[in-house]
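Residue numbers (my numbering): 2 to 310. No residue lacks a Cβ here, since even glycine has one placed at the ideal position from N, Cα and C.
Below you can see the structure in the form of structure tokens.
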């Protein structure tokens with residue numbers, strides 16, 4: 002599938018580049034400190050150095066990747082706290098792996114809990130659905146619980162937020178969530194050997210007005226209409242390929258961040274060691290330099306044992 006292939010290529014390249022970038026971080030920081038120390042006039046001096054453009058490129062890519070991780074972390078923690086807080090406010094009468102929410106106005110079922118997933122059913126759902134329909138819903142949620150899908154959904158949300166600059170990441174996550182829901186549907190149908198109960202339960206839950214399904218794995222997630230058609234017709238819904246704009250933007254941004262993170266290791270040491278014979282900004286305070294181009298040349302031509310910046 003094109004979208005999955007493109008996304009995996011982008012994610013793999015960026016993940017590898019992040020690890021690669023850490024390898025040359027020391028040299029990059031040292032060179033940055035050196036550039037800032039001797040850069041007294043940003044307009045007249047700094048932009049004379051070709052290395053500054055590369056330095057800006059590197060830090061821009063690193064900042065983008067770092068901000069993505071920070072943003073995803075904050076969003077993930079906030080989502081976890083909000084979900085836990087919301088669950089504590091629900092009128093739950095039975096606790097354990099299966100929890101009953103005493104709300105007769107909502108027909109809802111979901112699985113929540115990153116490390117210890119639990120199933121939640123509303124009283125309204127139990128009354129609204131028939132015995133076989135409730136059984137189908139419960140089997141669906143049991144699949145989510147056994148496979149720790151809330152943890153998978155949490156990780157997918159983190160990935161989408163961390164790679165906010167890649168439009169394909171959002172499409173990839175949506176496809177993976179839909180795949181998880183289809184697997185849970187298939188598990189329930191296989192256990193019951195009855196597809197109509199699950200389909201009718203989806204119809205009734207989708208038609209319900211009030212919704213408490215705010216958690217990681219909800220029975221009504223991933224386009225209920227498409228899931229119903231798939232159950233009844235036995236055909237997978239064709240997924241739209243990503244737009245050319247999204248694909249190109251994602252690949253360009255992935256290449257940009259990857260290149261920016263690889264450069265420190267590939268040439269970071271040379272950046273700091275390069276001697277500029279035509280400019281004295283880096284050498285005018287050296288005891289071996291006179292502040293003239295001749296002094297700079299003498300300094301740069303000195304033996305490595307005597308050549309110190």
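Using DSSP bridges, identify the partner residues of residue 93.
Answer by DSSP bridge pairing, in chain order: 102.
Which of helix, strand or coil DSSP assigns to residue 13
Here residue 13 sits in helix by DSSP.
Return the CA-CA distance between residue 192 and residue 140, expressed in angstroms with no decimal places.
Within the model, the alpha-carbon separation for residue 192 versus residue 140 is close to 8 Å.
Can you tell me the Cα-Cα spacing of residue 174 and residue 13, whole angstroms?
Taking the straight line joining both Cα atoms gives about 15 Å.
Report the three-state DSSP secondary structure of residue 196 (helix, strand or coil).
Of the three classes helix, strand and coil, the one that applies to residue 196 here is coil, per DSSP.
Along the chain, which unbroken stretches of the alpha helix (DSSP H) at least 4 residues long are found entirely within the segment 143–194?
Taken in chain order, the complete alpha helix (DSSP H) segments of 4 residues or longer contained in the segment 143–194 are 150–163, 168–193.
Looking at C-alpha atoms only, which residue of 70, 57, 104 is the closest neighbour of residue 164?
Sorting 70, 57, 104 by C-alpha distance to the C-alpha of residue 164 places 70 at the top.
Distance, Cα to Cα, residue 58 vs residue 261?
About 6 Å.
Just how far apart, CA to CA, sit residue 244 and residue 152?
Going by the C-alpha atoms only, they are around 29 Å apart.
Going by DSSP, what residue range makes up the alpha helix (DSSP H) through residue 233?
Where residue 233 is concerned, the enclosing alpha helix (DSSP H) stretches over 225–234.
If we call anything under 8 Å between Cβ atoms a contact, is residue 113 one with residue 121?
Their beta carbons are under 8 Å apart, which means residue 113 touches residue 121 by this criterion.
Tell me whether the beta-carbon of residue 137 lies closer than 8 Å to the beta-carbon of residue 202.
Yes, they are a contact pair.
Helix, strand or coil at residue 242 according to DSSP, with G and I counted as helix
Residue state, collapsed to three classes: coil.
Residue 126 by DSSP, collapsed to three states: which one?
Helix, per DSSP.
Tell me the DSSP secondary structure of residue 237 in three-state form.
Shown here, residue 237 sits in coil according to DSSP, grouped into three states, outside any helix or strand.
Just verifying my parser: in three-state terms, what is the DSSP assignment at residue 140?
Three-state DSSP puts residue 140 in a helix.
At least three beta-carbon pairs within less than 8 Å, the segment 181–189 to the segment 147–161
Verdict: yes, contact present.
Suppose you measure from the CA of residue 233 to the CA of residue 196; what does that come to, to the nearest Å?
Each residue's Cα considered, the two are about 7 Å apart.
Excluding the 5 residues preceding and the 5 following residue 95 in the sequence, name in chain order all residues of the same chain whose CB lies nearer than 8 Å to its CB.
Cβ within range, chain order: 101.
So, helix, strand or coil for residue 74, using DSSP?
Of the three classes helix, strand and coil, the one that applies to residue 74 here is helix, per DSSP.
With a threshold of 16 other CB atoms inside 10 Å of the CB of residue 82, please say whether the residue is buried or exposed.
Its Cβ having fewer than 16 others within 10 Å, residue 82 is exposed.
Chain-order list of residues whose beta-carbon lies under 7 Å from that of residue 250 (same chain, five-residue window excluded):
For residue 250, where only same-chain residues beyond five positions count, the Cβ hits under 7 Å are 168.
To the nearest whole angstrom, what separates the beta carbons of residue 258 and residue 62, a pair I think is in contact under 8 Å?
Indeed they touch by this definition, with Cβ atoms about 5 Å apart.
Given a threshold of 16 other Cβ atoms within 10 Å of its Cβ, counted over all protein chains shown, does residue 178 qualify as buried or as exposed?
Its Cβ being crowded by 16 or more others within 10 Å, residue 178 is buried.
Please work out which residues of its chain come closer than 7 Å, Cβ to Cβ, to residue 237, disregarding the five sequence neighbours upstream and downstream, and give them in chain order.
Residues 231 of the same chain have their beta carbon placed closer than 7 Å to that of residue 237, with the five preceding and five following residues left out of the count.
As assigned by DSSP and simplified to three states, the class of residue 285
With a pLDDT of 49 at residue 285, under the threshold of 50, the modelled position of that residue is not reliable, and the figure given next carries that caveat. Coil.
Any idea what DSSP makes of residue 209, helix, strand or coil?
Residue state, collapsed to three classes: coil.
Under 8 Å, do residue 142 and residue 110 count as touching if we go by C-beta distance?
In terms of Cβ geometry, residue 142 and residue 110 form a close pair [threshold 8 Å].
For residue 124, which residues in the same chain have their Cβ closer than 7 Å to its Cβ, ignoring the five residues on either side in sequence?
Cβ within range, chain order: 101, 102, 103, 104, 105.
Looking at C-alpha atoms only, which residue of 107, 80, 64 is the closest neighbour of residue 156?
Of 107, 80, 64, the residue nearest in Cα terms is 80.
Would residue 158 and residue 129 be called neighbours here (beta carbons separated by less than 8 Å)?
The answer is no: Cβ separation not under 8 Å.
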